[in-house]
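J.:
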Amino acid sequence: MNLLGLLVAVPLGFMVAALLLRGSGRWLILAAAPVMAGLALWLALLPPGTTLLVGNWDLPLGILLRADGVARLMVLAGALVIGAIGLHALVDPPGGNDGGAATAETFWPLLYLMWAGANAGFLTTDLFNLYVTLEMVSLAAVALAAMGSLAAALRYFMIAMLGSLAYLLGVALLVANYNTVDVTLLAQVARLDLATVMALGLMTAGLLIKAALFPMHGWLPPAHAAAPAPASALLSAIAVKLGFVILLRLWFEAFPAITGSAALHVLGGLGAAAVIYGSIQAMRQDRLKPLVAYSTVAQVGYLFLAFPLVAGAVEPSSAWAGMTLHGVAHMLAKAAMFLAAGLMLKAAAGDRIADLGGLAQAMPLTVTAFGLAAVSLMGLPPSGGFTAKFLLLSAAIEQGAFLYAGVLVVGGLLAAVYLFRALSACFAPLAGAGPDTASRGPVTGGVKAVAPLALAGLAIVMGFAGTALVDVSAIEVPWATPTVIQPEVAP
Amino acid sequence: MMTFAPLLLVFLPLVAAAVSFALPERLSSWRNAANLGVAFTKLLVVAYLLNATEAGLVFEWRYEFLPDNDLVLRLDKLALLFVTLSVFLWLMTTIYAIAYFDRGPNLSRFFGFFNLCVLAATGVAMSGTAITFFLFYELLTLATWPLVAHKGDDKSLRAGRIYLSYTLAGSVAFLAGILWLQSLVGAIEFAAPPDLTGIPALTLTLIFILCIGGLGVKAAIFPLHGWLPEAMAAPAPVSALLHAVAVVKAGAFGIVRMIYDVYGIGTVADLGLGLPLAALASVTILYGSVRALMQTDLKKRLAYSTVSQVSYIILGASLIGPYAVIGGLVHLVHQGIMKITLFMCAGALANRMGIKAIADLDGAGRLMPVTMAAFSVGALGMIGLPPVAGFISKWYLGIGALQSDAAWVVAVLAGSSLLNAAYFLPLLYRAWLLPPPADRPAIRELATTRDRMLILPAAVTALVSLGAGIFASLPFSPLAWVTLIAEGGYLR
Amino acid sequence: MELLAPEPVSAGHIYAVTGAILTALGFYAFIVRRHALRQLLAVNVVGAGVFLILGGLGRGPDAIDPMPQALVITGIVVAVALTAFGAAMIVRLAEAPRSPDQGKAGKPDA
Amino acid sequence: MTADLSLLLPLAVLWPMLLASLSLLPGWGPRMVTLLPLGPLPGLAAAVITPRDTPVALPGILLDGGLELTGTGALFLGGAALLWFWAGVYAAFYLRHDGRPTSFALFWNLVLAGNLGVFIAADIISFYVFFALVSLLAYPLVIHDRKPASMRAGTVYLVLAVLGEVAILVGLMLASYGAGGAIGIEAVRAALALPSTHPAALGLLIAGFGIKAGLMPLHVWLPVAHPAAPVPASAVLSGAIVKAGIFGLVAFLPLGTPALGAGTVLMILAFTGLFLAALLALGQAGAKSVLAYSTVSQMGLVMGVLGYALAQGSAPATLLPALALFTLHHGLAKGALFLGVGLAPTCGRAWRWGLMAVLAVLGLSLAGGPLLAGALVKSALKDPAGALGATLIGLSALTTALAMARYLAVLPRSKPRRRPPVLMALAFLALAGAALWLPWLLYADLADKSPLATDLRAQITDAWPLGLAVLLIAGAAAVGLKPPALPEGDALGPVQRRAAALTVAARAAMRAGSRSLRRSRPKPQTVIAEDLDRVEDIFREGAAAAILLLAVTGAILASVLI
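Chains as they are written, first to last, in our numbering: chain A, 1 to 491; chain B, 492 to 983; chain C, 984 to 1093; chain D, 1094 to 1655.
1) G432 of chain A: buried (16+ other C-beta within 10 angstroms of its C-beta) or exposed?
2) Output needed for L391 of chain A: all residues of its chain with C-beta closer than 6 angstroms, excluding positions within five of it in sequence on either side, in chain order.
3) Just how far apart, CA to CA, sit L697 of chain B and T180 of chain A?
4) Three-state secondary structure (DSSP) at A401 of chain A?
5) Could you give the first and the last residue of the continuous alpha helix (DSSP H) run that contains A554 of chain B?
6) Give every residue of the same chain whose Cβ lies closer than 6 angstroms to the Cβ of A40 of chain A, excluding the five residues on either side of it in the sequence, and list them in chain order.
7) Establish whether the CB of V266 of chain A and some CB of chain D are separated by less than 8 angstroms.
8) Based on DSSP bridge pairs, tell me the residues matched to E476 of chain A.
9) Check the Cβ-Cβ distances between Y778 of chain B and every residue of chain D, and say whether any is below 8 angstroms.
10) Cutting at 6 angstroms between CB atoms, please list the residues of its own chain near E44 of chain A, excluding the five before and the five after it.
11) Taking 7 angstroms as the limit between beta carbons, can you name the residues of its chain near V275 of chain A, skipping five residues before and five after?
12) Taking three-plus beta-carbon pairs below 8 angstroms as touching, is the stretch 1430-1437 of chain D in contact with the stretch 1466-1473 of chain D?
13) Between the alpha carbons of I1299 of chain D and K1305 of chain D, how many angstroms are there, rounded?
14) Note down, in chain order, every chain B residue with its Cβ under 7 angstroms from the Cβ of V275 of chain A.
15) Rounded to the nearest angstrom, how far is the Cβ of V1033 of chain C from that of L165 of chain A, given a contact under 8 angstroms?
16) Can you tell me which residues form a DSSP beta bridge with A1214 of chain D?
17) Here's the rule I'm using: 16 or more other beta-carbon atoms within 10 Å means buried, otherwise exposed. How should T694 of chain B be labelled?
18) Quick one: measure Cβ to Cβ for G1333 of chain D and A1173 of chain D, integer angstroms, because I've assumed they're closer than 8 angstroms.
19) Starting from R565 of chain B, trace the beta strand (DSSP E) in both directions and tell me its first and last residue.
20) With three or more C-beta pairs closer than 8 angstroms as the rule, is the stretch 815-826 of chain B touching the stretch 955-972 of chain B?
21) Just how far apart, CA to CA, sit L359 of chain A and A1198 of chain D?
22) How close, in whole Å, do the beta carbons of A743 of chain B and I817 of chain B come, if the pair is a contact with beta carbons under 8 angstroms?
23) What are the start and end residues of the alpha helix (DSSP H) that includes I622 of chain B?
24) Distance cutoff 8 angstroms, beta carbons only. Does I1073 of chain C sit that close to anything in chain D?
25) Hey, could you find the ends of the beta strand (DSSP E) L64 of chain A is sitting in?
26) When you compare only the Cα positions, how much space is there between G446 of chain A and I397 of chain A?
27) Please identify, using Cβ separations under 8 angstroms, the residues of the stretch 1638-1649 of chain D that lie next to chain C, in order along the chain.
28) Can you list, in chain order, the residues of its chain with a C-beta nearer than 6 angstroms to that of V328 of chain A? Leave out the 5 residues immediately preceding and following it.
29) Can you give me the C-alpha to C-alpha distance between F122 of chain A and V10 of chain A, rounded to a whole angstrom?
30) How many Å lie between D853 of chain B and L1156 of chain D at the Cα?
31) May I ask you to report which of helix, strand or coil DSSP gives L1100 of chain D?
32) Among all the DSSP beta bridges, which residues are the ones paired with A485 of chain B?
33) Using 8 angstroms as the threshold, is the C-beta distance between S1196 of chain D and P1241 of chain D below it?
34) Expressed to the nearest angstrom, what Euclidean distance is found between the alpha-carbon atoms of L213 of chain A and P221 of chain A?
35) Does any C-beta atom of chain D lie closer than 8 angstroms to the C-beta of F1010 of chain C?
36) Going along chain B in order, which residues have a C-beta closer than 7 angstroms to the C-beta of Y1221 of chain D?
Below, the structure written as structure tokens:
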């Protein structure tokens, strides 16, 4: 079993171990985090063209794991994020609202399950296999959401199931039509007919639910609102990204020939709407976690707004890099923000933004982490968010897509509006912040702020490593292969 | 040293910032020592660089931060002008801030962000590409915000919100502008201005408006100036260094770069963009002065005065003539030194005697003569009275305006001088000539070390602004340096 | 292609059409039914439909193609696991005393 | 040797500045007041022994400025330095118990530096710096006693001084631009004659310097400000500082090139001032006010002649020596007269008669009494003044004499049996002597003929207006006619009241405007917010998700197929 397989197998192993060890299973993260980070780093540095055929079956039947640029970046970022979340959960155990040790114990296997599913999803090119990973991640995500609010989790579960089934229906159509579900093979045989388009539509719609793109984001804010911070972080950073990556595989690798510009603009338009809508809703929230959750809704919009920009570019690699890096930067920053928000809410008198007063003094490191993450989310330099937005904005302006450019620009401003509202509340004085300041929990020490701070710091540092990341993202991009068919050529 | 000198200038404040953030509040003396040490070291580095740059060396550090987009820190003469200004004033303000806050709360945070701001200002000065400029420009916005909101009361938070909404909107417009231009001509390097031939005039004009609009927010040009007076809720050292110098100057500096190093004066003249900008700057000059006249709060009056004065720089840049650009650029330095004097004095008055409103100034000169003497020098310089430095700028601007066939600008300058006199002289009158209120206790101005640290920086900058005027033609004086810059290519 | 081709109706097609009808029914039920348990059932009906389509249409030229079968089996396993998980959640929710916090977070109207 | 002597020029300016800074040392104020006479000494020496027309470059200072002593400048410098010296001697005694010695010594020396600097500046930047120094820093001298009246006078002074500064600055800018950016005074003066130079330059300069020199409609500050200061300060204000304005005109008016418009306007205004101010002086109740108006009148004379020369384009050489001599005489005499005001309360009966006698001689000299220095300088000035000017100058003897008579009449009384302090008397007498003697001494040098060679008979016959004046005074005294009581600063009061009313009105209007702006802000939002909540609730439904799923599928289907 080579490295690619290990990336999936090792977390599964840890999951089993965590299930077996129960109470003391949490200490496994001390081993898992460095191991996975090492593996992911190794993956990122591999020479291009590394693949693994699981079980050594040939393609239509076998499952291909392949380390292209997107996969490398996502796996690496995922390893860092999940590892950091795990380590954070060690020092700040996630107690659900139901409380009790049971929820804390279920957290660990779920974390590893999601890890394995995400890695497999990022690496594989097999659409059915992707279905399985999607379900793994969804299951973990729903269970994590259930740590906060069962009702919200159930709602999430239902909607996610619906999405999965729509996706599966699409897969079924493709199997019937082409007798293969491998993306690379599909790219060679794809043709424009009703079944293919139907399949594409169904799979896309299903995946949009998973990716929480407006208007199918309804599950996300309630699921995040009540979940413990590490669970929210995993949901926003990882679960949402998997749907996005699969959509990338579908639209740019499997069917670039049949996705015309109109269809791309449907996605782009939804993305733009998501940016605006999510931002407006975030601005209206008076509690911290829904605010951050709606921020995710808005940020996901950018990922899809980039679709027409990638397809329309003469030299797509920079827009592609912008899209990919946005995904990575959002993973890092949003995870950091949720972890920081969790710490802040524990220290604050209540869960409203107005209750955050005095935190800037009480927990400067945590507020700093929140602030740095906010910088990246707003797309302010220097940060990964800025690099991504810079690339996307350049592409939009180059193509004369001023509507998208405008949304990119306005979205950043709106993000600034809502994120700085939360931040500036932290600077407000403590006095009179809440009716019962005495009930305020103990102020968290420095060690708890390490994970969010590290993640936010990474999001910032990403801004300086732009060139390297762009290079990685360009590994095995779909249009670099000879089978490339320029999307514009499509009818 | 050749390549790493610019990096060193950015790195030094970073060290100070890191140390400040890391040290707990109770180790304030360590923190102060680190801040002062770094500030002083940086001054030495700059002194060396001034010498080397005058000899014709250009220091450059380059890093490919995105494909085709280099992060370039380049120390040319113009950059060094701004760097020297900010480094010198940084040292002064650090001394001042240490005394001002003494042992207040949240000082680690304050000094950390303070250093980040200086880092950003230095970076803005040294930026060699439009993108680099934007990076540091934004960093400046971000690092300033916690300082504006430092006190944490409603007023400060409100001020911070307003500050952000203005500046972020501005930087977004600026970013859109430079990206648009980059999509047409590729990466923009200041050292090698892009070739703009063949681009429709309308496009160029729109891009120019976007960029100047974006930069104009920080430079507080007339309809975009609203944040500046609000931001006076910040503590005095912040108002002094950042609002009088770093932030507004970053905007003005960017406009200079846009006109001279991106578009080039030829293009700006061909497009007919100089005159409208000059007109806007003139409106700002007069409007700011009139508003200053109407203020009853000392710092607000100074703030509106800044609004007015910074537009001198833009006026000089937009008039496009040899004397005008010298006047504009030298005002960049002169206004900085004079305004920081005023703000530091205002802060000292508030700190020692609780004077905030203009009406409270009565008799301040008798109680704090050194402070008020420094304040007076700054105020007279702002009016443009010789031999304080402000006169030199005004003189060059006036002649420059005439060279550009814009005699009406001279009228603006004259009107502004009169308005400046109208709002500054009553302050001096109150401070020096009216008796202090009976209930104000007598104080000894320079009794303790802390008092001296609070007041002497202002005295030093006041003396420097006098010296910059009296010895305007000596080598390394701001005027001589600016003339070097102008001769080095801005006189085309 | 197969969908549109004027071929004689094979057994596979019958499965597929049935699957399509089931899927549509499931979707319809999901939309009109509010209760979580009914929705879970609706989802299962959709799942059954999808598997039928997969199995029915996925028959290659050979009567027995291993791949669709493998897919269907895997899919069913996944579906069963998820249904069990969903059912467990519904039970838990029904047992749990409704705390005000949950009401706020989830806005339950099931 | 030459080099050493020309170093006196910078010293003339730097030395008083040094003294000024010394007075800032704690406790040194009173000491520096007694050292006031030291200030003008280098200037005085420079006026005598520094070679003329030898520029001293000051590299690095301002815009590479320089100093230079011209012949005319030397007369101005010498006269001013002499006046400052004796006024300093006087002040050292007069202000020995003053409450604000530091402030007085500081600003006295600074103004002194500026005043002397104006006369020796070689470039317009230095000139402007010195001019600003003398102009603005005289304000603390005006308000030295801090009485409400003085404060009001100071405010008027400052407002007009600032206006004047700005006018001069703009004028200099325009002129310097006309000279191609050159800043040498010569070059700038030449440029003012060029047609290409902006026409406003000359007008602005005349207005700016006119304010300082008390040109008629701009003179309003002078009669209120000069009397407000302590006696020695009044003396230098009226005797020396006013001359800075005159010297500005002398230095910058492009004599030799006819400038008919500007010259005529200047002449008309100035000659109006010559008579009007003297008549206004008659209505004044204070001796110092009378003297201040007399200054306005006398400076009107000088500027009238300048205006005539400007309009005619007469060569500077024919005019400037005579003009400089006139101002020298006026400065010293006016200084002595002011010092006399301070001396009067200390003079008991016999002393008073002596004082009155000296003052009367001085007044007569100012009016151009025959055989006195005043007649000499006036006669020298009549030539370049043209026929009309000469007549007017002759006639002005009448009004000046009346004003001087008024001065003597309102001179403050003293208690009997008081003796004037020696130092003050000495300063007064020295100045009076210098005023009466120096013109005789210098006349030969400047006019190339001995003062004795002038037509003495003509002097006497030309003195008929004086005789008329004597008759009038005698008549008025006999009838008991009292002059009307006029306020100091004539037109100032009404103007100030109008301005105050306007300010109040503008404030009110502005406040009302901003209030109406603030009020017109609607408050919507709640409706939209509720809508957004409702929308969000819909999205959270599973059913909605299913429908949206179908809708998105359909949309993609449609968009691909279309």
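Virtual Cβ for every residue (Gly too), placed ideally from N, Cα, C.
This one's a predicted model, so the numbers in the text were calculated from it and none came from an experiment.
T.: In this structure, then:
1) Per-residue confidence for G432 of chain A stands at a pLDDT of 48, beneath the threshold of 50, marking its modelled position as unreliable; the derived number appears in the next sentence. Exposed.
2) Cβ within range, chain order: S318, A321, G322.
3) Their backbone Cα atoms lie some 52 angstroms apart in a straight line.
4) For A401 of chain A, the secondary structure class from DSSP, reduced to helix, strand or coil, is coil.
5) Before going on, a small fix: residue 554 of chain B reads as Tyr here, not Ala. Taken as a continuous stretch (DSSP letters only), Y554 of chain B belongs to no alpha helix (DSSP H), being part of the beta strand (DSSP E) at 550-557.
6) Beyond the five residues adjoining it in sequence on each side, A40 of chain A comes within less than 6 angstroms, by CB distance, of V75, L76, A79 in the same chain, given in chain order.
7) Yes, because at least one Cβ of chain D sits closer than 8 angstroms to the Cβ of V266 of chain A.
8) None; E476 of chain A has no bridge partner.
9) Residue contact with chain D for Y778 of chain B: absent (no Cβ-Cβ distance below 8 angstroms to any residue of chain D).
10) Reading off the sequence shown, one finds Ala at residue 44 of chain A, where the question assumed Glu. Same-chain partners within the cutoff: R72, L76.
11) In the same chain as V275 of chain A, and ignoring 5 residues on each side of it, the C-beta atoms closer than 7 angstroms to its own belong to A298, G301, Y302, L305, V407, G411, in chain order.
12) The way I'd put it, the stretch 1430-1437 of chain D doesn't touch the stretch 1466-1473 of chain D; fewer than three beta-carbon pairs between them come closer than 8 angstroms.
13) Approximately 10 angstroms, taken between the alpha carbons.
14) Result: empty, since nearest Cβ-Cβ is about 14 angstroms, beyond 7 angstroms.
15) That pair is a contact at about 6 angstroms.
16) D:L1160.
17) Exposure of T694 of chain B is indicated by the presence of fewer than 16 other C-beta atoms within 10 angstroms of its C-beta.
18) Sequence inspection shows Ala at residue 1333 of chain D; the Gly mentioned does not correspond to that position. About 4 angstroms; that satisfies the 8 angstroms criterion.
19) Note, R565 of chain B: beta strand (DSSP E), 560-566.
20) Contact between the stretch 955-972 of chain B and the stretch 815-826 of chain B is present, because at least three Cβ pairs lie under 8 angstroms.
21) One C-alpha to the other measures close to 58 angstroms.
22) For a cut-off of 8 angstroms, the C-beta gap from A743 of chain B to I817 of chain B is around 15 angstroms, too long to register as a contact.
23) Its alpha helix (DSSP H) spans residues 621-639.
24) Output row for I1073 of chain C: interface = no.
25) Under the DSSP assignment, L64 of chain A falls in the beta strand (DSSP E) whose first and last residues are 63-66.
26) Those two C-alpha atoms are separated by around 44 angstroms.
27) For the stretch 1638-1649 of chain D, the residues whose beta carbon sits under 8 angstroms from a beta carbon of chain C are, in order, A1639, I1640, L1643.
28) Excluding sequence positions up to five before and after V328 of chain A, its CB lies within less than 6 angstroms of the CB of L73, A77, all in the same chain and listed in chain order.
29) Cα to Cα, the separation comes out at about 15 angstroms.
30) Their Cα atoms are separated by approximately 37 angstroms.
31) Three-state result, L1100 of chain D: coil.
32) Residue 485 of chain B falls outside the range modelled here, since chain B spans only 492 to 983, and no answer is possible.
33) For S1196 of chain D and P1241 of chain D, no; Cβs fall outside 8 angstroms.
34) C-alpha separation (whole angstroms): 12 angstroms.
35) With its beta carbon less than 8 angstroms from one in chain D, F1010 of chain C belongs to the interface.
36) Correct list: P877.
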